[in-house]
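Using our numbering, the first residue of the sequence shown is number 140, and each one after it goes up by one. Idealized CB from N, CA, C, for every residue including glycine. What follows is a short report on a single structure.
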Amino acid sequence: MDSISKQVISVDDKKVVGYVLKPWIDFSTLKKVGYIIVEDESEQEYFLKNDNILSENDVILIQNLTFLEISHFQNEFRKKVYSLSGGDYGIVRDYLFYRNTLRKLITDKAEIGARFISSVGDEVVFVSFKKKKRIFPRFKNEDIKVEAMDKKVELPTVINLSPSYYLGKVATRTLLGINNELIVKEGVTINKQIFDRAKRHNKINELFFICK
140 MDSISKQVIS VDDKKVVGYV LKPWIDFSTL KKVGYIIVED ESEQEYFLKN
190 DNILSENDVI LIQNLTFLEI SHFQNEFRKK VYSLSGGDYG IVRDYLFYRN
240 TLRKLITDKA EIGARFISSV GDEVVFVSFK KKKRIFPRFK NEDIKVEAMD
290 KKVELPTVIN LSPSYYLGKV ATRTLLGINN ELIVKEGVTI NKQIFDRAKR
340 HNKINELFFI CK
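Structural data, given as structure tokens:
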């Protein structure tokens, strides 16, 4: 997701406040209403409304710290996705938006159109398909037709646990820990500290698939 790990800058305070942890979605409207951010000094999570963002480009600008609200929101990532017919569609990894409207729910197994979301709870997202189980294929065309998924992705069964395999490689996406702690940002070269952090969070298997 493009916004994850972006720095949040306060104009009045002239300082880096923190970084974006995840978007916050109102599932009743499928709209992104803001971001959950992590304050650098305290590591406290805050909610930043879209209305309180001055501008968003390479970084996100806010007027000052008074526009941050204490976050009491549930964690949307790590939720499990099931169809109402009992199908397992994996764990939420990312979202795809068109402007501020949710277009796709991206799991470790599939990309599912937002219109198929039936309900969202604290731990589980239910999706419903009127016909055969369908997902969006991985194309860039915004006017994609839904196509059937013929095969599930089969991952390698052997994960390299040697630190030397990872050191010096680059993360292809941001990896978060068990409670959304930042393990490594996209584009960062993996070092021993990052490897040890991933190991503590039992994320070596995910680090294996995002490094090159």
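As assigned by DSSP and simplified to three states, the class of residue i
i: Ser-301; result: coil
i: Gln-146; result: strand
i: Phe-434; result: With the chain covering only 140 through 351, there is no way to say anything about residue 434.
i: Lys-324; result: coil
i: Thr-246; result: strand
i: Asp-151; result: coil
i: Leu-241; result: strand
i: Arg-232; result: strand
i: Leu-315; result: strand
i: Asp-190; result: helix
i: Ile-343; result: helix
i: Ile-201; result: strand
i: Phe-265; result: strand
i: Ile-175; result: strand
i: Ile-349; result: helix
For residue j and residue i, the rounded distance between their alpha carbons
i: Lys-145; j: Ile-317; result: 20 Å
i: Asn-239; j: Val-172; result: 8 Å
i: Thr-168; j: Val-264; result: 15 Å
i: Val-259; j: Val-155; result: 33 Å
i: Ser-194; j: Ser-301; result: 43 Å
i: Ala-337; j: Gly-226; result: 30 Å
i: Phe-334; j: Asn-319; result: 16 Å
i: Val-177; j: Ser-224; result: 37 Å
i: Met-288; j: Val-266; result: Only weak support exists for where Met-288 lies, its pLDDT of 45 falling under 50; the value from the coordinates is given anyway. Roughly 15 Å separates the two Cα atoms.
i: Pro-295; j: Phe-347; result: Residue placement at Pro-295 is poorly supported in this model, since its pLDDT is 39, which falls under 50; the coordinates are not used for a value here.
i: Ile-164; j: Ser-142; result: 14 Å
i: Ile-199; j: Ile-192; result: 7 Å
i: Ser-181; j: Asp-152; result: 17 Å
i: Glu-370; j: Ile-343; result: Here the chain covers residues 140 to 351 and nothing more, so residue 370 does not appear.
i: Ile-329; j: Arg-312; result: 12 Å
i: Gly-326; j: Phe-268; result: 36 Å
i: Phe-166; j: Ala-253; result: 9 Å
i: Ile-209; j: Ser-303; result: 40 Å
Beta-carbon proximity of residue i to residue j, cut-off 7 Å
i: Lys-324; j: Cys-350; result: no
i: Leu-207; j: Tyr-174; result: no
i: Lys-248; j: Tyr-221; result: no
i: Asp-233; j: Ile-251; result: no
i: Thr-157; j: Asp-179; result: A small correction: the amino acid at residue 157 is Gly; Thr does not occupy that position in the sequence shown. Yes, they are a contact pair.
i: Lys-218; j: Val-231; result: yes
Residue i classed as buried or exposed, judged by whether at least 16 other C-beta atoms fall within 10 angstroms
i: Leu-204; result: exposed
i: Val-159; result: buried
i: Leu-314; result: buried
i: Ile-187; result: According to the sequence displayed, residue 187 carries Leu and not Ile. The residue is buried, with at least 16 neighbouring Cβ atoms inside 10 Å.
i: Val-292; result: Low local confidence applies: a pLDDT of 43 at Val-292 is under 50, so the model's placement there is unreliable, with the coordinate-based value given in what follows. Under this definition Val-292 is an exposed residue.
i: Phe-255; result: buried
i: Ser-149; result: buried
i: Phe-161; result: The sequence shown places Lys at residue 161, rather than the Phe named in the question. Buried: at least 16 other Cβ atoms inside 10 Å.
i: Ile-305; result: Looking at the sequence itself, residue 305 is Tyr, so the reference to Ile does not match. Under this definition Tyr-305 is a buried residue.
i: Ile-322; result: buried
i: Ile-201; result: buried
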